[in-house]
């Protein structure tokens, strides 16, 4: 299953989604919990940006795109932002057969931008931000993402890899994972695919290891071998 991102713009209040000005794939060539992520142009196959040793399954796709966008120098994204931008994260078996998984709508005007973010990962936010000057497409998207994701003044540090989530032990010897140690996206996946209650505070070790095995088959066996099991 591929993951793609499309940027569309509308310079006037016209019917329709707008003109597509940028399309790329979010590419990772590993099934491990940590791997290099690339932003690759779908037409030229040019690599726009790369993040080394990214902790997979810890952040939403648009959050990852924002991190890659910080490292991108695409001339298309350097042009002046239109009045209305739409950033869509798409998933599907191929670039021509996709559904939208997350959407960021950005409305730009003199002195402000309005960001509206829709995501299945518990995020639904709309916010208006004052900006001191006209922005490029890249700057407008980054400003909107930073506001909607509450990044503050700087890009937040990468979360820890899921393999680094600590296993805790009860007095009776049973192991468990405290869900406050787990990223929000991962908690959403546990709720959606493993039936974990949104109110749960922890999951037992067996369920956590089954979840990790589904994400990366063989990961737990390699981990056990490394520990001498």
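In my numbering, the protein residues as written are 1043 to 1271.
Don't be surprised by glycine CBs; every beta carbon is placed ideally from N, CA and C.
In this text the structure is predicted, and so the values were computed from the model without any measurement.
Taking 8 Å as the threshold (C-beta atoms), are residue j and residue i in contact?
| i | j | result |
| --- | --- | --- |
| residue 1161 | residue 1142 | no |
| residue 1075 | residue 1185 | no |
| residue 1091 | residue 1106 | no |
| residue 1183 | residue 1129 | yes |
| residue 1108 | residue 1187 | yes |
| residue 1202 | residue 1135 | no |
| residue 1084 | residue 1071 | no |
| residue 1210 | residue 1220 | yes |
| residue 1146 | residue 1104 | yes |
| residue 1272 | residue 1123 | Here the chain covers residues 1043 to 1271 and nothing more, so residue 1272 does not appear. |
| residue 1046 | residue 1140 | yes |
| residue 1112 | residue 1052 | no |
| residue 1227 | residue 1100 | yes |
| residue 1207 | residue 1224 | yes |
| residue 1078 | residue 1093 | yes |
Quick one: using the 10 Å Cβ neighbour count with 16 as the cut-off for buried, is residue i buried or exposed?
| i | result |
| --- | --- |
| residue 1240 | exposed |
| residue 1138 | exposed |
| residue 1254 | buried |
| residue 1169 | exposed |
| residue 1243 | exposed |
| residue 1154 | exposed |
| residue 1102 | buried |
| residue 1270 | Annotation note: pLDDT 38 at residue 1270 (below 50); position unreliable, no value reported. |
| residue 1180 | buried |
Taking residue i and residue j to be in contact with their CB atoms under 8 Å, please state how far apart those CB atoms are, rounded to whole angstroms.
| i | j | result |
| --- | --- | --- |
| residue 1218 | residue 1172 | No, residue 1218 and residue 1172 are not in contact; Cβ-Cβ is about 46 Å, not under 8 Å. |
What residues match up with residue i in a beta bridge as DSSP calls it?
| i | result |
| --- | --- |
| residue 1115 | Per DSSP, none; premise fails for residue 1115. |
| residue 1065 | 1048 |
| residue 1082 | 1067 and 1089 |
| residue 1145 | 1130 and 1160 |
| residue 1076 | 1097 |
| residue 1244 | 1220 |
| residue 1122 | 1178 |
With a cut-off of 8 Å, does the C-beta of residue i fall near any C-beta of chain C?
| i | result |
| --- | --- |
| residue 1071 | Among the chains of the structure shown, chain C does not appear; only one protein chain is present. |
Extract the residue ranges of the alpha helix (DSSP H) inside the region 1149–1224, only unbroken runs of 4 or more that lie entirely within it.
Annotation: the region 1149–1224 contains the following complete segments of the alpha helix (DSSP H) (minimum length 4 residues), in chain order: 1179–1190.
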